[in-house]
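Quick note: the sequence shown, position 381, residue 381 per full-length UniProt numbering, numbers continuous.
By construction, the Cβ of each residue, glycine as well, lies at the ideal position given by its N, Cα and C atoms.
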Amino acid sequence: MKMFARKFSKQYHLRKPRAKYIYVCCSLSFLLILITGWSRPLPTTPTSAASMAVEESIQPEPKFLSVSKETLLAESQPLQSELAEAEGEHLEEPGSDAVRSEKLEAKQEREARRSEHMQMEREREAQQSKHVEVYQEQKVEPESLVKNVRALENPCDGRRVYMYDLPSTMNTDILKNCSGNLVKWLNFCPHHKNHGFGAVVNATVEVFRQDWYGTDAYMLEVIFYERMQTYSCRTSDPAEADLFFIPYFAGLDALPYLYTDSKRELQQGREVVEWLEENAPKTWRRHGGHDHFYIAGRTAWDFCRPLTKVNWWGTSLFNNPEMENTTAMVLERRPWRDDEVAIPYPVGFHPSTSATLHSWIEVVRSSPRKHLFSFSGALRPHLTISIREILSRQCSEAGNACSRLDCGKIKCSHEPEPIYTSLLQATFCLQPRGDTSTRRSVIDSIVSGCIPVFFHEDTAYTQYHWFLPKDYENFSVFIDEKDMKDGNADVSKILGAYTAKQVEQIRERLIKIIPNVLYRHPESTDLAESMRDAFDLTLEGMARKVAQFKLSTGRGIATLS
Numbered sequence: 001m002k003m004f005a006r007k008f009s010k011q012y013h014l015r016k017p018r019a020k021y022i023y024v025c026c027s028l029s030f031l032l033i034l035i036t037g038w039s040r041p042l043p044t045t046p047t048s049a050a051s052m053a054v055e056e057s058i059q060p061e062p063k064f065l066s067v068s069k070e071t072l073l074a075e076s077q078p079l080q081s082e083l084a085e086a087e088g089e090h091l092e093e094p095g096s097d098a099v100r101s102e103k104l105e106a107k108q109e110r111e112a113r114r115s116e117h118m119q120m121e122r123e124r125e126a127q128q129s130k131h132v133e134v135y136q137e138q139k140v141e142p143e144s145l146v147k148n149v150r151a152l153e154n155p156c157d158g159r160r161v162y163m164y165d166l167p168s169t170m171n172t173d174i175l176k177n178c179s180g181n182l183v184k185w186l187n188f189c190p191h192h193k194n195h196g197f198g199a200v201v202n203a204t205v206e207v208f209r210q211d212w213y214g215t216d217a218y219m220l221e222v223i224f225y226e227r228m229q230t231y232s233c234r235t236s237d238p239a240e241a242d243l244f245f246i247p248y249f250a251g252l253d254a255l256p257y258l259y260t261d262s263k264r265e266l267q268q269g270r271e272v273v274e275w276l277e278e279n280a281p282k283t284w285r286r287h288g289g290h291d292h293f294y295i296a297g298r299t300a301w302d303f304c305r306p307l308t309k310v311n312w313w314g315t316s317l318f319n320n321p322e323m324e325n326t327t328a329m330v331l332e333r334r335p336w337r338d339d340e341v342a343i344p345y346p347v348g349f350h351p352s353t354s355a356t357l358h359s360w361i362e363v364v365r366s367s368p369r370k371h372l373f374s375f376s377g378a379l380r381p382h383l384t385i386s387i388r389e390i391l392s393r394q395c396s397e398a399g400n401a402c403s404r405l406d407c408g409k410i411k412c413s414h415e416p417e418p419i420y421t422s423l424l425q426a427t428f429c430l431q432p433r434g435d436t437s438t439r440r441s442v443i444d445s446i447v448s449g450c451i452p453v454f455f456h457e458d459t460a461y462t463q464y465h466w467f468l469p470k471d472y473e474n475f476s477v478f479i480d481e482k483d484m485k486d487g488n489a490d491v492s493k494i495l496g497a498y499t500a501k502q503v504e505q506i507r508e509r510l511i512k513i514i515p516n517v518l519y520r521h522p523e524s525t526d527l528a529e530s531m532r533d534a535f536d537l538t539l540e541g542m543a544r545k546v547a548q549f550k551l552s553t554g555r556g557i558a559t560l561s
C-alpha cells in the first residue's frame with residue numbers, strides 16, 4: 001500500500017504529506033471494502049418470500065461477525081493515527097478548507113457506516129437469540145399433548161381410574177342388610193351374588209345354561225363395583241388418575257328413604273361429601289368434582305326430589321349442591337341434564353368367553369322368526385300416557401302375527417329364559433313407555449336381535465348416546481305414540497311393509513350393537529381384549545366428557561375420540 005502511495009506521489013509530483021494522506025485513505029478504503037464485501041450476501045437464485053424468511057432465520061452469521069470489536073479497533077488504530085497526523089500537517093496548507101470539509105464528511109460517512117454495521121450485528125445476534133428461544137419453547141411439549149401421543153402406545157392414557165376407599169357402610173355393608181333390614185318386604189340377597197349377576201339360571205334349554213343369570217335390574221352398583229376390582233386401567237395413585245370413581249351404592253342406600261317413613265330423604269349423600277372433603281380434599285376440589293362419577297342404579301326420578309318439597313317421591317341426592325358437578329350413571333336420565341348419563345339395564349346374559357358370545361350371536365342370527373312382532377309386559381291402565389292397552393288390543397287383532405308375553409302372570413324379572421324364547425321368535429319387539437320412559441325390555445330386545453319399535457324418543461334415543469349409533473332408523477323403528485292414541489297408526493301394517501332384505505340389514509346392524517349393552521363376566525380373559533362392553537363404553541364416555549370439560553375450561557386438551 002505504501003509503495004502504491006509513493007508511485008502515485010512521484011507520478012503526480014505530490015509532496016510527502018499529501019502522499020502520506022493518500023496512503024492512509026487507500027488503507028482505510030481497502031479495509032472498508034473488505035468489511036462491506038464480507039457483510040454483503042452472495043447473489044442467489046430467486047426464491048419465495050417464505051423460503052427467504054426460513055433461510056434468513058437459519059443463515060449463519062457473516063464471517064466479519066466472528067472478529068471481535070477489539071480486533072477491529074486495534075487494526076484500525078494505526079491508520080487513524082496516521083490519518084490524524086496527515087490531517088494535522090495538511091491544516092497548514094493554504095486553501096485547504098474545502099478539502100478539510102470534504103475529509104470530515106468522508107470521515108463522518110465512514111463512522112456512520114461503521115455504526116450501521118455494528119447495529120446490524122446487534123440486531124442479527126438478537127434475532128438469532130429469538131429463534132433459539134422459539135425453538136426451545138416449541139420443543140417443550142404440553143403435558144396433554146405428550147399424553148395424546150402416548151395414548152397410541154398405552155390404551156389406559158386418559159382413562160386411568162382411581163377408586164376411593166370409602167367406608168364399607170357406604171357400599172358393601174349395605175348388602176349385609178339384604179334380607180329385609182332395609183325394606184321389610186324386600187329380600188335381595190340372591191341378587192347380589194356372583195358379582196351382582198344373581199343366581200345361575202336353572203335353564204331347560206341348552207343355550208341358556210352357560211353365562212345366564214337371574215340378574216336383577218337394580219344391581220348395577222354391585223356389578224360396577226365388582227368389575228372395577230379387576231379393571232386393567234385402575235390406578236392406586238390419585239395423581240395419575242384421569243377419572244375418580246366414588247363406589248357409593250346410591251340406589252341400594254336409597255331403599256329406606258323410598259319405601260319407609262324415614263325423614264332423612266333430603267340428607268342422602270351428605271356423608272359421602274363429608275368423607276371426600278375430609279379424606280381427599282385435593283382430588284375432590286381439583287376440578288370441582290367434574291372428573292368424579294358414581295353409579296345410581298335406578299332411574300333419575302328416584303333422586304331428584306326438590307329440597308323444598310315434603311310430600312314428594314324420591315330423595316334429594318341429585319339436588320345436593322356439593323354433588324352437582326359429579327356425573328351420575330343411572331338407568332334413566334332426565335334428557336335435559338348433562339350430569340346424568342343413562343347406561344344399559346343389566347340383563348341375564350354375561351358372557352365369560354368369546355366362544356359363548358359368538359355362539360349366542362349365531363343363535364340370534366339363525367333363529368326362525370315366526371311372528372311379525374311381539375309385545376311383552378304388564379298393562380298400565382292407571383297411566384293416562386300409556387299406550388299399552390292399545391298395543392295389546394292390536395296384538396290380539398293381529399292373530400298369529402303377534403306373540404304376547406304377559407309378565408303379570410309369569411315372573412319375568414329374574415327368569416330370562418321365557419323372555420328370550422319369546423323374543424327370538426319375533427321380528428319386531430314393541431317397546432312402549434311404562435311407569436317411566438325406559439324399560440329393561442329394550443336391552444332384552446337388542447340382545448335377542450328383535451328389532452325394537454319405539455313410540456317415544458325418551459325410551460332410547462335421548463338416553464344411550466354412548467352405546468347406540470346416532471342413526472337410530474338403521475337399527476329400530478319409530479311410531480309416534482300420539483298417532484297411536486289418535487288411532488292413526490296400525491302397527492301390523494307398518495311393520496308388515498318392511499321387506500325381508502330390509503329386516504335382514506337392520507338385524508345385522510342390531511347384532512353389532514349387542515356387545516355394547518352387555519356386562520361381561522369380570523373373570524373373563526379373552527373377552528377383556530376383544531370385547532368392549534357397557535362397562536368399557538361407560539368409562540370411555542366418561543373420559544371423553546372429562547377431557548371435553550378440561551378443554552372448555554382451558555385446563556387441558558381433549559385428546560380422546
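Arginine 209 versus Lys493, Leu527 and Glu417, residue with shortest Cα-Cα distance: As a first step, residue 209 is located in the sequence shown; it is residue number 209 there, counting from the start. Nearest C-alpha to arginine 209: Glu417.
Range of the contiguous beta strand (DSSP E) that encloses arginine 404: Working through the sequence shown from its first residue, we reach residue 404 at position 404. First-last of the beta strand (DSSP E) with arginine 404: 402-405.
Beta-carbon spacing of phenylalanine 375, leucine 424 below 7 angstroms: Along the sequence shown, one-based indexing puts residue 375 at 375. Along the sequence shown, one-based indexing puts residue 424 at 424. Not in contact: phenylalanine 375 and leucine 424 (Cβ atoms no closer than 7 angstroms).
Assigned secondary structure, tyrosine 213 (DSSP; H/G/I helix, E/B strand, else coil): Numbered from its first residue, the sequence shown carries residue 213 at position 213. Of the three classes helix, strand and coil, the one that applies to tyrosine 213 here is strand, per DSSP.
Distance between beta carbons of phenylalanine 454 and serine 422, contact taken as under 8 angstroms: Numbered from its first residue, the sequence shown carries residue 422 at position 422. Numbered from its first residue, the sequence shown carries residue 454 at position 454. 19 angstroms between Cβ atoms; not a contact.
Cut-off 8 angstroms between Cβ atoms - residues of its own chain near lysine 485, not counting five sequence neighbours on either side: As a first step, residue 485 must be located in the sequence shown, where it is residue number 485. Around lysine 485: Ile387 and Ile390.
Candidates Ile514, Ile343 and Arg298: closest to alanine 445 by CA position: Within the sequence shown, residue 445 is the residue found at index 445, counting from 1. Residue 445 is actually serine in this sequence, not alanine. When only C-alpha atoms are compared, the closest one is Ile514.
Spatial distance of serine 552 from cysteine 233 (CA atoms): For the purposes of this step, residue 552 is taken as residue 552 along the sequence shown, with counting starting at 1. For the purposes of this step, residue 233 is taken as residue 233 along the sequence shown, with counting starting at 1. Spanning the two alpha carbons is a distance of roughly 25 angstroms.
Collapsed DSSP secondary structure at serine 316 in the structure displayed: As a working note, residue 316 is residue 316 in the sequence shown. DSSP places serine 316 in coil when its eight states are reduced to three.
Residues near tyrosine 213 by beta carbon distance below 7 angstroms, same chain, minus five either side: What you label residue 213 is simply residue 213 of the sequence shown in a count that begins at 1. Contacts found: Asn194, Phe197, Gly198, Ala199, Val200, Val201, Gly348 and His350.
Short Cβ contact (7 angstroms threshold) for methionine 163 with phenylalanine 245: Within the sequence shown, numbered from 1, the residue matching residue 163 stands at position 163. Within the sequence shown, numbered from 1, the residue matching residue 245 stands at position 245. The answer is yes: Cβ separation under 7 angstroms.
Contact check, leucine 331 vs asparagine 319, beta carbons under 7 angstroms: Stepping through the sequence shown from its first residue, residue 331 is reached at position 331. Stepping through the sequence shown from its first residue, residue 319 is reached at position 319. Contact flag unset, no.
Buried versus exposed call for valine 341 [16 or more other C-beta atoms within 10 Å across all chains shown]: Indexing the sequence shown from 1 puts residue 341 at position 341. Burial call: buried.
Pair within 7 angstroms by beta-carbon distance, isoleucine 443 and proline 344: Stepping through the sequence shown from its first residue, residue 443 is reached at position 443. Stepping through the sequence shown from its first residue, residue 344 is reached at position 344. Yes, they are a contact pair.
CA nearest to the CA of tryptophan 313, picked from Phe535, Leu266 and Met228: Start at 1 with the first residue of the sequence shown, and residue 313 comes out as number 313. Tryptophan 313 has its Cα closest to that of Leu266, out of Phe535, Leu266 and Met228.
Minimum C-alpha distance to glycine 288 - residue among Asp471, Leu243 and Glu362: Taking the sequence shown and counting its residues from 1, one reaches residue 288 at position 288. The residue with the shortest Cα to Cα distance from glycine 288 is Leu243.
Between the CA atoms of glycine 496 and proline 247 - distance to the nearest angstrom: Locating residue 247 in the sequence shown gives position 247, where the first residue counts as 1. Locating residue 496 in the sequence shown gives position 496, where the first residue counts as 1. Linking proline 247 to glycine 496 through their CA atoms gives a straight-line distance of about 47 angstroms.
Residue span of the beta strand (DSSP E) that contains tyrosine 162, given as start and end: Along the sequence shown, read from residue 1 onward, the residue named residue 162 stands at position 162. Its beta strand (DSSP E) spans residues 161-163.
Length of the line joining the Cα atoms of cysteine 395 and alanine 401: One-based indexing of the sequence shown puts residue 395 at position 395. One-based indexing of the sequence shown puts residue 401 at position 401. Roughly 8 angstroms separates the two Cα atoms.
Residue from Arg507, Arg286, Gly554 and Glu274 with nearest C-alpha to proline 361: Along the sequence shown, read from residue 1 onward, the residue named residue 361 stands at position 361. The sequence given here places isoleucine at residue 361; proline does not occur at that position. The residue with the shortest Cα to Cα distance from isoleucine 361 is Arg507.
Anticipated Cβ contact below 8 angstroms, leucine 317 with glutamine 268, distance rounded: The sequence position of residue 317 within the sequence shown is 317, counting from 1. The sequence position of residue 268 within the sequence shown is 268, counting from 1. Yes, leucine 317 and glutamine 268 are in contact; Cβ-Cβ is about 5 angstroms, under 8 angstroms.
Burial state of alanine 355 (16 or more Cβ within 10 Å): Residue 355 sits at position 355 when you count from the first residue of the sequence shown. Alanine 355 is exposed by the Cβ-count criterion.
Local conformation of valine 341 per DSSP, three classes: On the sequence shown, position 341 is the one that residue 341 refers to. Of the three classes helix, strand and coil, the one that applies to valine 341 here is strand, per DSSP.
Bounding residues of the alpha helix (DSSP H) (the contiguous stretch that carries valine 447): By 1-based counting over the sequence shown, the position of residue 447 is 447. Taken as a continuous stretch (DSSP letters only), the alpha helix (DSSP H) holding valine 447 covers 441-448.
Neighbourhood of tyrosine 464 by C-beta, 7 angstroms cutoff - its chain only, sequence neighbours within 5 removed: Here residue 464 is taken as the residue at index 464 of the sequence shown, counted from 1. Contacts found: Ala342 and Pro344.
Proximity below 7 angstroms, CB of threonine 315 to CB of histidine 292: One-based indexing of the sequence shown puts residue 315 at position 315. One-based indexing of the sequence shown puts residue 292 at position 292. For threonine 315 and histidine 292, no; Cβs fall outside 7 angstroms.
Reduced DSSP secondary structure (H/G/I, E/B, other) of serine 68: As a position in the sequence shown, residue 68 is number 68, starting the count at 1. With a pLDDT of only 44 at serine 68, under the threshold of 50, the placement of this residue in the model should not be trusted; the figure read from the coordinates follows. Coil.
Per-residue burial, aspartate 302 [other beta carbons within 10 Å of its own, 16 or more giving buried]: The residue given as residue 302 occupies position 302 in the sequence shown. So aspartate 302 ends up on the buried side.
Uninterrupted alpha helix (DSSP H) stretches inside the stretch 220-277 (no shorter than 4 residues): 220-228, 250-253 and 255-259
Option in Thr427, Glu529, Ala547 and Tyr472 with minimal Cα separation from valine 503: What you label residue 503 is simply residue 503 of the sequence shown in a count that begins at 1. The residue among Thr427, Glu529, Ala547 and Tyr472 with its C-alpha nearest the C-alpha of valine 503 is Thr427.
Sequence-distant residues of its chain with Cβ nearer than 8 angstroms to serine 492 (five each side left out): Counting from one through the sequence shown, the residue named residue 492 turns up at place 492. Hits under 8 angstroms: Leu372, Phe373, Gln394, Glu397, Ala398, Ala401 and Cys402.
Separation of tyrosine 294 from phenylalanine 467, as counted between CA atoms: In the sequence shown, counting from the first residue as 1, residue 467 sits at position 467. In the sequence shown, counting from the first residue as 1, residue 294 sits at position 294. Spanning the two alpha carbons is a distance of roughly 18 angstroms.
Isoleucine 419 versus phenylalanine 188 - alpha carbon distance: Position 419 of the sequence shown holds residue 419. Position 188 of the sequence shown holds residue 188. Answer to the nearest angstrom: the Cα atoms are 21 angstroms apart.
Member of Lys184, Gly449 and Val517 whose CA lies at the smallest distance from the CA of arginine 532: Looking up residue 532 in the sequence shown gives position 532. Nearest of Lys184, Gly449 and Val517 to arginine 532, Cα basis: Val517.
Cα-Cα separation, isoleucine 451 to tyrosine 519: On the sequence shown, position 451 is the one that residue 451 refers to. On the sequence shown, position 519 is the one that residue 519 refers to. Roughly 21 angstroms between the two C-alpha positions.
Reduced DSSP secondary structure (H/G/I, E/B, other) of asparagine 474: Here residue 474 is taken as the residue at index 474 of the sequence shown, counted from 1. Looking at asparagine 474 - three-state DSSP - the assignment turns out to be helix.
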